[in-house]
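Since the structure comes first, as C-alpha cells, the remarks are kept for the end.
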Amino acid sequence: MSDTLKIASWNINSVRFRIEIVERFLREEAPDILCLQETKTINDTFPAAAFRQLGYTHQILHGQPMHHGVAIVSKIPMREDDRLDWQANGEARHVGVRLENGLRLENVYVPAGGDVPDRNLNPKFGQKLDFLARMIDWSENLSVPTLLVGDFNIAPLECDVWSHKQLLDVVSHTPIEVETLGRMQAAHDWVDLGRHFVPAPERLYTWWSYRAKDWAASDRGRRLDHMWASKDVARQAVDHRIHEACRSWLKPSDHIPIVTEFRF
DNA sequence: ATGGCTGGTAGAACCAGA
C-alpha cells in the first residue's frame, strides 16, 4: 500500500491581492496541502471561499492586521497543534498542525531582520536571531516526526545566492545568520529537502527582488524558502520541486512556491 | 546597480519586506 502526499509552501505577499495566482497554482499543481506565509490579512477577510471551492476545505488561519500572517489550507483533515510565538512579541509567524497519519507539519515565517546586520544598531536583527534561538531550543526537544516549512529568510549556502561575496554583509546571508541556522539544523538533524533533491552547487533560488528591471535576466536570486524534515520523514520524500514560472505570472509574489511529494 | 519595487492602511514627507 502506498499513499502519496503533496505539500506546498509559498510566501504569497498578500493572499487577497494574489488570490488569482494562488488559484492557478492550486489547479495546476494540485497539492494536498498549501502552507502560506505573509498572508497580510486578519482571519475574517481571509479568502476562505476561494480555497473551499478548490477542495481545500480544511483551513487553519493565523493572521493579524497588515503584516505577516500564516495559514495552512488542506484537502485532507488536520487539527491544529500549536501557534508558537518564537519572537515573543505577538506577531503571527507560526502555526503547526497534525495530520491523521501522525505527521506534524509546522509552517513558519522567520522575521526578515531589517537592513543592518548588527543587533546593537538594528533591533530587528536581534529579534531575528532570538527567534532562531527559540527555534533551536524547540528543535532540540522535538520527538515527533516533523516537516518544517516556510520562509526562513536565510540563504545558507554560497550557491543559495547569486553572489556569495556581494551578499556577505546583506541580511539573509551574513555569517552569523548562516551559523545560527546551521545550529538549528544540527539541533534535530534536520534534512534540507531542497538540497537533498538539488545538491549543491546547483543553482536553486526561491526569491527575486521586485526591484530588478528584469528578474529573470539579472537572476539575482536567493534561496530563502525551505522544507526541512525529520530523518524518518525525509526517507518518505520522493520528489521536490520549485515553481520558478510563478515568478513571471501576472502580479507575482517575489517568492515562488516549493513542493515536496511524499509516499508513505 | 541593490534598493530602482510592492502591498496594506490611512489618507503619509507611512511601515515593512530582504
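Residue numbers (the working numbering): -2 to 261.
Cβ atoms here follow ideal geometry from the backbone N, Cα and C, with glycine treated the same way.
Note that the coordinates shown come from a computational prediction; the quantities given were computed from them, not determined experimentally.
Can the beta-carbon of residue 62 be found less than 7 Å from the beta-carbon of residue 39? yes
Suppose the cutoff is 7 Å on Cβ atoms and the five residues either side in sequence are ignored; what does the same chain contact list for residue 243 look like? 18, 22, 249, 253 and 254
Start and end residues, alpha helix (DSSP H) containing residue 99: Neither: residue 99 is in no alpha helix (DSSP H) and is coded neither H nor E.
Which one of 199, 231 and 236 has the shortest CA to CA distance from residue 218? 199
Residue range of the alpha helix (DSSP H) that includes residue 177: 172 to 185
Measuring from the CB of residue 120, is there a heavy atom of the ligand ADP at a distance below 6 Å? The ligand ADP is not part of the structure shown, which contains no ligands of any sort.
Tell me which same chain residues have a C-beta within less than 7 Å of the C-beta of residue 164, skipping the five on either side of it? 158 and 170
Whose CA, out of 35, 4, 71 and 14, lies closest to the CA of residue 247? 14
Given a cut-off of 7 Å on the beta-carbon distance, is the pair residue 3 and residue 174 in contact? no
Among residues of its own chain, excluding the 5 on either side of residue 229, which ones have a beta-carbon nearer than 7 Å to its beta-carbon? 142
Roughly how many angstroms lie between the CA atoms of residue 131 and residue 84, to the nearest whole one? 8 Å
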